[in-house]
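Below is one structure; the comments refer to it alone.
Protein chains in written order, with my numbering: chain R, 1 to 66; chain P, 1001 to 1169.
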């Protein structure tokens, strides 16, 4: 139990530290997260009723767009 | 995001839009830790809001700069940018009160934390509630500040429900 608590405390401290980064740095991190998010979303099964707009947003980029 | 900032400033200078401000997750990150988001949301005051194709001049301007539509957004560098015309008195006020921030040497208009929280309250999805909690945790807004702004925009009941559900008071 103590280990788990320490783990959560470490995680909370790490998150709080990331809050102190500059806005441009945080946006750059979000860009990196976004690429993973897009790949993850594209592995989901298609639900045409709800997913069309989201999947269009998540469409992979062509090299010319990068 | 620097590309996005430059594009928005050029759009403003060319008179395509009357004003703009980033909102949503990218704006939230000024105050909180980084969050996952698919796109950058931009509130825009357009020159002719009565037009049916209200975003057409924006899309034309973007196309002229080499930025193409991608779904409901326009791809600008790494970011799909979603242009959202003002949709309420709250968003009109949020735009009027927006900060002008410096993004690596380029000015970028951004909605303030209190308005981000109350816009999120008005939308009311799970991720919007998470945004309010993150802003509160960052200390960039206070419950009293949100309550006052929410009251001015007819959102007191929504704020009361949020407090009961998430703030245990």
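Built from N, CA and C at the ideal position, the CB exists for glycine as well. Bear in mind that the values here come from a model prediction, so they are computed numbers and not experimental data.
Beta-carbon gap between residue 1090 of chain P and residue 1119 of chain P smaller than 8 Å
Yes, they are a contact pair.
Buried or exposed: which applies to residue 1024 of chain P, given that a residue is buried once 16 or more other Cβ atoms fall within 10 Å of its Cβ?
By the 10 Å Cβ count, residue 1024 of chain P comes out buried.
DSSP three-state label for residue 1078 of chain P, please.
In this structure, residue 1078 of chain P counts as coil in the three-state DSSP scheme.
Go ahead and label residue 1028 of chain P buried or exposed: buried means 16 or more other beta carbons lie within 10 angstroms of its beta carbon, across all protein chains shown.
Counting Cβ neighbours within 10 Å, residue 1028 of chain P comes out buried, since at least 16 surround it.
Residue 1035 of chain P (DSSP reduced to helix, strand or coil):
The three-state secondary structure of residue 1035 of chain P, taken from DSSP, is coil.
Cβ pair residue 1054 of chain P, residue 1020 of chain P closer than 8 Å
Between residue 1054 of chain P and residue 1020 of chain P, the CB-CB gap reaches or exceeds 8 Å.
Any beta carbon of chain A sitting closer than 8 Å to that of residue 9 of chain R?
Absent here is chain A; the protein component of the structure consists of chains R and P.
Does any CB atom of chain R fall closer than 8 Å to the CB of residue 1113 of chain P?
No - not a single Cβ of chain R is within 8 Å of the one on residue 1113 of chain P.
Kindly indicate which residue of P:1129, P:1057 and P:1114 has the alpha-carbon position closest to the one of residue 1151 of chain P.
It is P:1114 whose Cα lies nearest to the Cα of residue 1151 of chain P.
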